[in-house]
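With the numbering used here applied, the sequence shown corresponds to residues 548 to 932, in that order. Just so it is clear, CB atoms sit at the ideal spot from N, CA and C, and this is done for glycine as well. What follows is a single structure, written as structure tokens, with notes after it.
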Amino acid sequence: MMEFIQDDLKRLEEQELLRHLRLVNGAQSRVIDIDGKKRLNFCSNNYLGLADEQQIVEAAIEGLRRDGVGSGASRLVCGNMRVHEKLEQAIASLKKKESALLFNSGYAANSGVIPALMERDDIIFSDKLNHASIVDGVILSRAQFKRYPHLDMECLEQELKKASRKCRKMIITDSVFSMDGDVAPLKAIVDLAKQYEAFVYVDEAHGFGVLGEHGGGLVEELGLENDIDISMGTLSKAAGCFGAYVAGDKSLRDYLINHARSFIYTTSMPPAMAQAALAAVQLIADKNQGGIRRAQLRHNAKYLRSGLKAMGFDCMNSTTPIIPILVKDSSRALALSRQLFDQGIYVSAIRPPTVPINGARLRITVMATHTQEDLDILLRAMKEL
Ligand SMILES: *Cc1c(COP(=O)(O)O)cnc(C)c1O
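Printed below as a string of structure tokens:
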């Protein structure tokens, strides 16, 4: 009865699109033990190296000893613990917003917040390369879905012009695009939103902790805190922990507590994770600790990107620690990734449907903790490819 499963797996295999899990032994650092082999790690979103930072591990242990393991219930029942609110206040203050609300993942935030705000007959304008969790949130909302070509402000304006004045309009965008490493033209988006009476939702999954003087993301870098209505980000990438936040006005927080299903119908974040994330957010916001790591990260990304470009690789329009190398063909991308792996370097091959057809690529992510030697090893290996 379920032959379709075998058929599908066979098809994926034939098209070189079959994915499988690889096993990591031990902590996430610049060198990981993967499938029993030590490899230089160039595919983690752990940009600042906080996932195994001792200060943060200690905070988690302290949280565990004080508050135990589980949180027992959803926030609205008896799972709203002191550390959740402390973390929310720290995030709100870093994001220069009145308040913030925690979610258990970025996926849960986007798939719950978008349907809470938008309904049938409303219109959502969304960059074509926005993250899958945004797409799923839009679909769940049943609102009209207008996808504009990547970064194309002219098309966005055309669509906004056509929209009815009466319905709610939301423009939603990643700040840093996860597979291309380029950034959204947020100032232009904010201007269009004002002109056409739309609100703006920004997903800073890859911006939070990485961009901005205090790690507040692209929104901080551009000084647009007051112009973004819904500022979402994750605690799972640069913060090295788990979970996500949505920052905005206090009324937004109150509204989401009452309407976001992925907030209401789920057990709250384990308190020790919230304690760890609090330590990570404090480190990120600290000009010394966070600032030094961000400067190192910027330096590493720039060094690697200019080295790769000098060899003639197409790094697309990356300006961040996400550096794609466009290969186009899926099997070629896979072969290159395997070749690098054999030389001690782990860089993932990204294939459709994660990227457009004919858009297969190697996706390098740089960390603040990579050493000069690590970067040179990667550059030497790339030269030989
Ligand atoms: C990773 C990512 C998410 C999902 O966040 P998780 O915390 O991993 O669930 C959402 N949006 C974007 C843009 C992402 O890159």
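Close CB contacts of P871 within its chain, under the 8 Å cut and outside five residues either way in sequence, are with M726, D727, G728, C862, M863, S865, I897, R908, L909, R910 and I911 (chain order). The beta carbons of Y812 and S621 sit about 7 Å from each other, so the pair counts as a contact at 8 Å.
The criterion of a C-beta distance shorter than 8 Å is satisfied by P817 and S618. When the Cα atoms are used, F755 and F789 turn out to be separated by approximately 13 Å.
Here M665 carries a coil assignment [DSSP, helix/strand/coil]. By the Cβ-count criterion, L570 is exposed, with fewer than 16 other Cβ atoms from all chains shown falling within 10 Å of its own Cβ.
D669 and Q691 do touch by the CB rule: their CB atoms are close to 7 Å apart, below 8 Å. Just so you know, the alpha carbons of I869 and M548 end up roughly 43 Å apart. Between the beta-carbon of V749 and that of M779 there is about 7 Å, and that keeps the pair under the 8 Å contact cut. Contact annotation: C590 and V894 have beta-carbon atoms nearer than 8 Å.
Residue pairing for T912: DSSP places it in a beta bridge opposite I869. For N657, the Cβ falls inside the 7 Å cut-off from some heavy atom of ligand 1. In the structure shown, the three-state DSSP call for Q742 is helix. No heavy atom of ligand 1 is found nearer than 7 Å to the CB of T720. Ligand 1 approaches Y654 closely enough that one of its heavy atoms is under 7 Å from the residue's Cβ. The bridge partners DSSP lists for G795 are S646. Around the beta carbon of P899, a 10 Å sphere encloses fewer than 16 other beta carbons of the protein chains shown; the residue is thus reported as exposed.
Rounded to the nearest angstrom, the gap between the Cα atoms of K643 and G626 is 26 Å.
Just measuring C-alpha positions, the residue of F724, D923, L733 and E600 sitting nearest A826 is E600. In the three-state reduction of the DSSP assignment, S895 falls in the strand class. Contact between the segment 692 to 704 and the segment 735 to 746 is present: 3 or more CB-CB pairs across the two stretches fall below 8 Å.
As the crow flies, the alpha-carbon of S652 is around 11 Å from that of G659.
The segment 673 to 710 contains, as complete beta strand (DSSP E) runs of 3+ residues, the segments 691 to 695 (chain order).
Straight across, the Cα-Cα distance linking L932 with R852 is about 16 Å. For ligand 1, a non-hydrogen atom lies closer than 7 Å to the CB of H753.
Here DSSP, grouped into helix, strand and coil, assigns S878 to helix.
Beta-bridge partners of K834 (DSSP): none assigned. As a beta-bridge residue in DSSP terms, G780 pairs with Y792.
Relative to the Cα of Q890, the nearest Cα in the group R694, L587 and K834 belongs to L587.
Going by beta carbons, T781 and A824 fall outside the 8 Å limit. Per the coordinates, the alpha-carbon of D683 lies some 10 Å from the alpha-carbon of A655.
In this structure, the C-beta of S725 approaches ligand 1 to less than 7 Å from one of its heavy atoms. Taking the C-beta atoms as reference points, G759 is found no nearer than 8 Å to L595.
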